[in-house]
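> Please see the structure below; I have some questions.
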Amino acid sequence: MNNIVGLNPDFKVILMNVAMLVLIALVFLPVPYWLSNNNPNKLAASIATTLFVIIALFVGYQLLSNKAVVKEEKLLMKSGVYSHEWVISSLRREEGVSLEDFSRSNGIHIIHYSSGYYHKGKNKYFILRVSKRPLICFNSEGNIGLCIDESIFEKIKGELQDKI
500 MNNIVGLNPD FKVILMNVAM LVLIALVFLP VPYWLSNNNP NKLAASIATT
550 LFVIIALFVG YQLLSNKAVV KEEKLLMKSG VYSHEWVISS LRREEGVSLE
600 DFSRSNGIHI IHYSSGYYHK GKNKYFILRV SKRPLICFNS EGNIGLCIDE
650 SIFEKIKGEL QDKI
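Mapping of the sequence shown onto this note's numbering: position 93 corresponds to residue 592, and the numbering continues sequentially without gaps.
This is the structure we're talking about:
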């Protein structure tokens, strides 16, 4: 039996990131019109608009497609285009870890939201953070580590049934 837990960020986090995208659009989309007073470059304008729409759709997909799937003895974390699976019993909690300890190798980091693969030293971790709350990290022998924020841990704790 699969237990699926939705892990999308709060509306406030989504709203802040939408506002960020709107500000970026307001700054960069008029650039082709500023470059030429008499005849705006339509190709540059269409390329800028297309890129903005693609980035906005990607960020929206990332923000709204986060979930944890607990199936028997395995935990699958999905975040947009990123996902990873662990055997629950192999996860060991680490203490005193913050997001500043990591460098992003393949992931997304925007306002109060991070997901994807990050490095801490030589160790690789899958991080899903949907709020500004502190991270809870787990290492897994023979697998990459897992870091989630406290709000996610509280949501999936019941499904994990104190297995970690």
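Where is the CB? At the ideal position from N, CA and C, for every residue including glycine.
In terms of DSSP beta bridges, what is Val569 paired with?
Val569 pairs with Asn502 and Leu574.
> When you compare the segment 578–590 with the segment 523–533, are there three or more beta-carbon pairs, one atom per stretch, that lie closer than 8 Å?
At 8 Å Cβ cutoff, the stretches do not touch.
> Skipping 5 residues on each side, what residues in its chain have a beta carbon closer than 6 Å to that of Ser602?
Result list for Ser602: His618, in chain order.
> I'd like the list of long-range same chain contacts for Ile651, defined as Cβ closer than 7 Å, with 5 residues on each side in sequence excluded.
Closer than 7 Å at the Cβ level, and outside the excluded window around Ile651, lie Leu506, Leu627 and Val629.
> Taking Cβ to Cβ, would you say Ser614 is nearer than 8 Å to Gly620?
No; because the gap between Cβ atoms is not below 8 Å, this pair is not in contact.
> Do Ser597 and Tyr616 have their C-beta atoms closer together than 8 Å?
Not in contact: Ser597 and Tyr616 (Cβ atoms no closer than 8 Å).
> Quick one: using the 10 Å Cβ neighbour count with 16 as the cut-off for buried, is Leu556 buried or exposed?
That one is exposed.
> Give me the Cα-Cα distance between Gln660 and Thr548, rounded to the nearest whole angstrom.
Roughly 47 Å between the two C-alpha positions.
> In this structure, does DSSP put Asp457 in helix, strand or coil?
With the chain running from 500 to 663 in the structure shown, residue 457 is simply not present.
> Going by C-alpha distance, which of Val558, Glu572, Met576 and Gly559 is nearest Lys566?
It is Met576 whose Cα lies nearest to the Cα of Lys566.
> Please state whether DSSP places Phe510 in a helix, a strand or coil.
In the structure shown, Phe510 sits in a helix (DSSP, three-state: H, G or I).
> Cutting at 6 Å between CB atoms, please list the residues of its own chain near Ile563, excluding the five before and the five after it.
Rather than Ile, the amino acid found at residue 563 in this sequence is Leu. Correct list, in chain order: Asn507.
> Anyone know if the C-beta pair for Val504 and Lys654 falls short of 8 Å?
Contact: yes.
> Exposed or buried, what is Gly657 when buried is set at 16 or more other beta-carbons lying within 10 Å of its beta-carbon?
With fewer than 16 other Cβ atoms within 10 Å, it is exposed.
> Look at the alpha carbon of Glu571 and the alpha carbon of Ile546, and state the distance between them as a whole number of angstroms.
Rounded to the nearest angstrom, the two C-alpha atoms are 47 Å apart.
> Comparing C-alpha positions only, which one of Val580, Lys573, His611 and Glu599 sits nearest to Asn501?
Closest by alpha carbon: Lys573.
> Measuring straight from C-alpha to C-alpha, what distance separates Asp509 and Pro529?
Looking at the two C-alpha atoms, the distance is approximately 31 Å.
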